[in-house]
Amino acid sequence: MAFDEQTLASLKETANTIRKDIVKMVAEASSGHPGGSLSAADILTVLYFNEMNIDPNNPQDPNRDRFVLSKGHASPVLYGALAEKGFFPKEELMTFRKINSRLQGHPSKKSLPGVEMSTGSLGQGLSVANGMALAGKLDNRDYRVYVLLGDGEIQEGMIWEAAMSAAHYKLDNLTAFLDYNHLQIDGRVEDVMNPAPVDEKFRAFGWHVIIIDGHDMNQISDAIQEAKSIKGKPTMIIANTIKGKGVSFMENQVGWHGTAPNAEQLAQALEELNGVKQND
Amino acid sequence: MTKIATRDAYGKALVELGEKNPNVIVLDADLSKSTKTADFAKTYPDRFFDMGISEANMIGTAAGLATAGKIPFVSTFALFGTLRVGDQIRNSICYPNLNVKIAVTHSGLTLGEDGASHQAVEDISMMRAIPNMTVIVPADAEETRQVIHAAAEYDGPVYIRLGRPAVPVVFDKNYKFEIGKGVVVNEGADVTVIAMGVMLSPAIEAAKELEKEGISVRVINMPTIKPIDKDIIIKAAQETKGIVTAEEHNIYGGLGSAVAEVVTESVPTVVKRVGVEDTFGESGKPNELLEKYGLTKEHIIEKVKEIIK
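In order, the protein sequences belong to chains W and A. Just so you know, we're using the working numbering here: the first sequence kicks off at 1 and counts up by one. Just so you know, we're using the working numbering here: the second sequence kicks off at 1001 and counts up by one.
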């Protein structure tokens, strides 16, 4: 079901705010990963601002939905979403990657409320999400578990161990997103180590697979609803995305995987993103 | 002398624990008959998950279960439960300080006939180097039972190293295990032997033999390698002429290293290490391997005499 105009506009504005926070955070830190954060901004926006049952005032509610950022280097998008949602003051975003900050380079569960799992060493988040989903089944709780994987990340063998396991244990309370932006540090995923065909692989592993445009709020939400209706198997939502989405000079540029913008580049990025807000 | 494998004691303790605490979950990687988690699987099938031969995924899944308040016990052979999954243990369990218990069996040379590919003699070194990890090596069946219950009550990651062969029962129900505490099992004034796991019995035997020769040996059982009981080590260093450590592990990074670290910082004392001398093992019967690689009563006696000399 499509969002009404007002909801859609509000979600787009939130995604845009998160994108601005991403570039500001990374610029302030002079380090971090803007490309893969920007590509996931729309997915996290729908999850955190339309879908998930979470309460910043009760972050340990046993019935809450869970989100695991398996591609932990995209921490800026998670921090942007959590701050916007009210898990911690927005001013704290500017402490990202600095000494004594709760906003570690890669998310740390122990330091920041709302971070469901420490991640950063790739390939581990899907197994962790499986464990959360299994616990939900054991306790007869109806929370759902979401996990975001990178397309380079699924080159890790552990992902496929976890994929087999999630289907074996029929974890239909688990929904994974693949941020399929086609770029990793050394180049195009197709050139470095081609994971395709991702859809056929996950289907063969026993998953329900949905392919969407990862920047279309309606498609993201519809896929989530479809996943909820699937019984007896986990769902993989393959989200076709653009690395660096929203900042023209970062889009589809592998160099912006882990590079911070300078002051001039930040100003240009913000100008573009501010423009989106006004015109959209 | 009654002999029971610590893995057998583990299997029984898990079943007791399962009844006591509904949050206890057990995961295994296709070795439940060997690790003895099969008893738990039979008694509490809803709380047992066979993860197949995917140890990394097993560690990650346990971490996820722990985030939701479960107390996962994860079992496989020592090698696959540590060296194979070092990053997963470090980043998904220890860094977020999750309440996962890694209880491994078939540790050290006494795994026997399977040979060096399966004989973990480096695991303690690796586990004790990870922040937040507690490292425990029970010496016999009763100690294992108490360790399993204590680990379940302790909130945080615990590594428990168990063995394959039957080993002498040293302790009875009156024994009290406490995390982080060593226990004097034989009083003595000349030299101290600090032992863990399967080396405790040879250490006690060595002390008995040396006593006949007029050498008084204090024997300390050191089940917790981390946090190590500094007080009992310092006291031994002050009151006896030197310390011999005995471990079924590489002499690098295990019990001997941990003891040496304590004494060099406070009471510089001679520490002689009985252990695997930085080499891989091989196929053979447990006792043949202990003999060939220098892990017997005789080797302990030799080191004690080197200190007395």
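We put the CB at the ideal spot given by N, CA and C, even for glycine.
Residue burial classification, residue i (beta-carbon count within 10 angstroms, cutoff 16)
i, result
"THR1279/A", "exposed"
"SER1266/A", "exposed"
"ASP1123/A", "buried"
"LEU82/W", "buried"
"THR1264/A", "exposed"
"ARG1145/A", "buried"
"THR1002/A", "exposed"
"THR1043/A", "exposed"
"ASP142/W", "exposed"
"ARG188/W", "exposed"
"ILE99/W", "exposed"
"ALA1083/A", "According to the sequence shown, residue 1083/A is Leu rather than Ala. Counting Cβ neighbours within 10 Å, LEU1083/A comes out exposed, since fewer than 16 surround it."
"SER1107/A", "buried"
"ILE1307/A", "buried"
"GLY1112/A", "buried"
"ALA1068/A", "buried"
"ALA1129/A", "exposed"
Own chain residues within Cβ distance below 7 Å of residue i, not counting five before or after
i, result
"SER37/W", "ILE22, ALA74, PRO76, VAL77"
"ASN1132/A", "CYS1094, ASN1097, GLY1156, PRO1157"
"GLU1016/A", "none"
"GLU1277/A", "ILE1251, GLY1294"
"PRO113/W", "PRO59, PHE87, PHE88"
"GLN278/W", "In this predicted model, GLN278/W has a pLDDT of only 49, less than 50, meaning its place in the structure is not dependable enough to derive any value."
Contact under 8 Å by Cβ, residue i with residue j
i, j, result
"ALA41/W", "LYS245/W", "yes"
"PHE1077/A", "VAL1104/A", "yes"
"ASP199/W", "VAL192/W", "no"
"GLY1064/A", "ALA129/W", "yes"
"THR45/W", "LEU11/W", "yes"
"VAL1191/A", "VAL1304/A", "yes"
"VAL1262/A", "ILE1233/A", "yes"
"GLY1197/A", "ASP1229/A", "no"
"LEU1289/A", "LEU1109/A", "yes"
Residues near residue i by beta carbon distance below 8 Å, same chain, minus five either side
i, result
"THR7/W", "ASN50"
"VAL26/W", "GLY32, HIS33, PRO34, SER37, PRO76, PHE96, ALA260, PRO261"
Rounded distance between the beta-carbons of residue j and residue i, thought under 8 Å
i, j, result
"ALA1246/A", "ALA1203/A", "5 Å"
"PRO1165/A", "ALA1009/A", "So it is not a contact: roughly 13 Å between Cβ atoms."
"VAL1270/A", "GLY1294/A", "That belief does not hold up - the Cβ atoms of VAL1270/A and GLY1294/A are roughly 18 Å apart, past 8 Å."
"GLY1011/A", "ASP1030/A", "Incorrect: roughly 16 Å between the Cβ atoms, too far for contact."
"TYR180/W", "ASP151/W", "5 Å"
"LEU122/W", "LYS71/W", "7 Å"
"MET132/W", "VAL145/W", "5 Å"
"TRP175/W", "THR235/W", "Rather than Trp, the amino acid found at residue 175/W in this sequence is Thr. 5 Å between Cβ atoms; contact."
"LYS231/W", "TRP207/W", "Not confirmed; about 13 Å, so no contact."
Test: residue i CB closer than 8 Å to a CB of chain W
i, result
"ASN1057/A", "yes"
"LEU1065/A", "yes"
"ASN1099/A", "no"
"THR1002/A", "no"
"THR1061/A", "yes"
"VAL1221/A", "For clarity, residue 1221/A is Asn in the given sequence; the question names Val instead. It does not: the Cβ of ASN1221/A has no partner Cβ on chain W nearer than 8 Å."
"GLN1088/A", "yes"
"PRO1096/A", "yes"
"MET1127/A", "no"
"SER1092/A", "yes"
"MET1133/A", "no"
Heavy atom of the ligand SAH within 7 Å of residue i beta-carbon
i, result
"GLU1055/A", "Here there are no bound small molecules, and the ligand SAH is not part of this structure."
Contacting residues, own chain, Cβ-Cβ under 6 Å from residue i (five flanking each side not counted)
i, result
"ASP1155/A", "ASN1099"
"GLU1205/A", "LYS1297"
"PHE1080/A", "GLU1055"
"ILE185/W", "HIS257"
"SER1075/A", "ASP1028, THR1035, THR1037, ALA1103"
"PHE249/W", "none"
"GLY105/W", "ARG97"
"VAL1183/A", "ASN1221"
"PRO1073/A", "Checking the sequence, you will find Phe at residue 1073/A rather than Pro. So the qualifying residues of the chain are VAL1026, LYS1101, ALA1103."
Beta carbon proximity, residue i to chain A, threshold 8 Å
i, result
"ASN130/W", "yes"
"LYS110/W", "yes"
"MET117/W", "yes"
"SER127/W", "yes"
"ALA74/W", "no"
"GLY120/W", "yes"
"GLU153/W", "no"
"SER101/W", "no"
"ALA263/W", "no"
"SER302/W", "In this structure chain W extends from 1 to 280, so residue 302/W is not present and cannot be described."
"LEU174/W", "no"
"MET158/W", "yes"
Residues of the region 77-99 of chain W in Cβ contact with chain B at a cutoff of 8 Å, in chain order, please. Going by chain labels, chain B is absent from the structure shown, which instead holds the protein chains W and A.
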